[in-house]
Structure formats: C-alpha cells, structure tokens
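Novice:
In our numbering, the protein residues as written are -12 to 277.
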C-alpha cells in the first residue's frame, strides 16, 4: 500500500505524539527529575572532639550552582536510631524538596544510637558537639551559607526528632527553628531501649544523666519565642504520650510552639508526609531571616 504525503505526515505525527506521551509519563513518574537536579554527595566532616572524619550526606539545590553569588540557608536533618546519614535521602524526596524550596540540606551521621548527646560515659560518642558545632562550622566555612541562626533549622525523626529539639534548646545562638518529627522527647519511659543506657549509663545508677539529657527537662530552660518549635507526631505512634506531655508543659510554661497530630504510626511513610507538611514552614522561617 502506497502512502501519500498527507497520510505519511499523519502517520508520523501519530507516532510522535505517542512517543511524547510516553516521555512525559516517565518524566512525571520520576517526579520531574529532569527539571530538579539537586546535587547529592557524601562529604567527610572532621571531628576534633572524636578525632575522626564523620560522613554526612550533603544536598545542594540546583539554584546553588545556578546562582553563584547567592548564599543559602541550611537545614540540618537528623536520622533515627539504627539509621545513618544516608537514610533521609534514600527514604524520602528531601532532595526534590531542597530544590523546590531552595535551601541546602545536611544530613549528619549521628551514630546508630547516639541520641545526639555528648555522652558523659563514652568519649567516642560526642555527637552534640559534632552536629551543633563541628558540622555548622564546616558548612559555613566551605559552602555559601547564610551564617546566622535565622537561616539555620534543625529537624529529624524519632531519635533525630529528639536531637533536633535537644540541640536547638542547648544551642539557641546557632539554630532558629526546630521541627521535631515523631520525636522521643522524653527518654525516661524507655530505660532499656535503643541503647540509650550505653550513652548515659544504667538509669538505676545514673538517674541524674537521664534527667539532664531528656528534652522535656531541657525545655524548662526555654524562653518564649527563643526558637521556633514544631512538634509533629502520629496518633498511632508509641511516642505520642511523651509528645503530648511536652506540648502540655510548653503551654503551661508559656512557650509558643506549633503542635500537630496526624494519622500515622512510627514509620517512614509518616516522615514522608511530615516533610511535605513542614518544609513550607521551614522555608517561611528562612524567608523571614533574610
């Protein structure tokens, strides 16, 4: 069968449209990855206190390379117990969101069960200093950061949620915003879980360490509006009671904060949903600090 010129054009156009439709289907299935091109790399952050280099996952938004004279705010994003610096990038779309909101994300490695303490009994676990001082100093020295507290936020999930608010309370001169996702904000009900006693000692013998290193007690030091605080927890989460208790205490102490409960349990799906809820808030705080 012979195809005339008009028929051939229609035939070619039909296949062109099919190929185009397939391309855009793949494009959207991949979350627009051809547009969003955040640079993700593993860096080594020196720790003087622990006398070693510690890995961290660094996410630079595409805007960082496109606008070479601009400086950018930084979100320090902390993993949970049993995780590591790569957990957030592997389990969520945080790189895509870094592009969307145009801020840098650093995911430090906090050891599998550091709870982001400077352990009073284990000199090899000094992660408060590492995250709140060494990582921040390294980022401000080596990248184009907006080096002020209003342009730094800290967030995390589970153990990292505890770390996010624990470090912000103890270093208000460093972090302006803390977003705690399903965080273990009172460790005392869990004396035998997640190797906390390896960092603080057995609770029956070192109760003063447990009292000093739990968020709900550290929060007594807060002044109103000293830092912007968000607590976000699932209604089916085993940490819900301690989050409610901290919320109640903050209200009684007159400490402004945002408290949210959503459907969900203690898993990565909750975290995926939570960062989509909370990243716009973090971005708004960064915008206010310009």
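C-beta: ideal position from N, C-alpha, C; glycine also.
1) Would you give the residue range spanned by the alpha helix (DSSP H) that residue 65 belongs to?
2) Less than 8 Å between the CB atoms is what I'm expecting for residue 230 and residue 172, so what's the real figure, rounded?
3) Quick one: complete beta strand (DSSP E) runs, 3+ long, within the region 42 to 127?
4) So residue 156 and residue 206 are in contact, right, with Cβ under 8 Å, and what is the actual spacing, rounded?
5) Going by alpha carbons, who is nearest to residue 168 out of 181, 276, 159 and 67?
6) Flag this pair as touching only if the region 241 to 248 and the region 199 to 216 have three or more C-beta atom pairs under 8 Å; answer yes or no.
7) For the alpha helix (DSSP H) containing residue 274, list its first residue and its last residue.
8) Going by CA-CA distance only, name the one from 182, 179 and 147 that's closest to residue 165.
9) If you pair each beta-carbon of the region 52 to 59 with each one of the region 69 to 82, do three or more pairs fall below 8 Å?
10) Between the region 121 to 128 and the region 90 to 98, do three or more beta carbon pairs fall short of 8 Å?
11) Over what stretch of residues does the alpha helix (DSSP H) that includes residue 153 continue unbroken?
12) Does the Cβ of residue 265 have 16 or more other Cβ atoms within 10 Å, making it buried, or fewer, making it exposed?
13) Let me know the secondary structure DSSP gives residue 140 once reduced to three states.
14) For a test of the three-state rule: what should DSSP assign to residue 178, helix, strand or coil?
15) Looking at the structure shown, is residue 244 part of a helix, part of a strand, or coil, going by DSSP?
16) Which of helix, strand or coil does DSSP assign to residue 32?
Specialist: The answer reads as follows:
1) Taking the chain shown and counting its residues from 1, the one referred to as residue 65 is at position 78. Not the alpha helix (DSSP H): residue 65 falls in the beta strand (DSSP E), residues 61 to 65.
2) Stepping through the chain shown from its first residue, residue 230 is reached at position 243. Stepping through the chain shown from its first residue, residue 172 is reached at position 185. Correct: roughly 6 Å between the Cβ atoms.
3) 61 to 65 and 91 to 95
4) Looking up residue 156 in the chain shown gives position 169. Looking up residue 206 in the chain shown gives position 219. Right, the Cβ-Cβ distance comes to about 6 Å (below 8 Å), so this counts as a contact.
5) As a first step, residue 168 must be located in the chain shown, where it is residue number 181. Of the candidates 181, 276, 159 and 67, the one whose C-alpha sits nearest the C-alpha of residue 168 is 67.
6) yes
7) Along the chain shown, read from residue 1 onward, the residue named residue 274 stands at position 287. Segment 255 to 275, the alpha helix (DSSP H) holding residue 274.
8) Against the chain shown, residue 165 aligns to sequence position 178. Ranking 182, 179 and 147 by Cα distance to residue 165 puts 147 first.
9) no
10) yes
11) Here residue 153 is taken as the residue at index 166 of the chain shown, counted from 1. Its alpha helix (DSSP H) spans residues 146 to 157.
12) Stepping through the chain shown from its first residue, residue 265 is reached at position 278. Result: buried.
13) In the chain shown, the residue the question calls residue 140 occupies position 153. Residue state for residue 140 is assigned as strand, using DSSP reduced to three classes.
14) Taking the first residue of the chain shown as 1, we reach residue 178 at position 191. Three-state DSSP puts residue 178 in coil, outside helix and strand.
15) Residue 244 sits at position 257 when you count from the first residue of the chain shown. Residue state, collapsed to three classes: coil.
16) As a working mapping, residue 32 is identified with position 45 in the chain shown. Three-state DSSP puts residue 32 in a strand.
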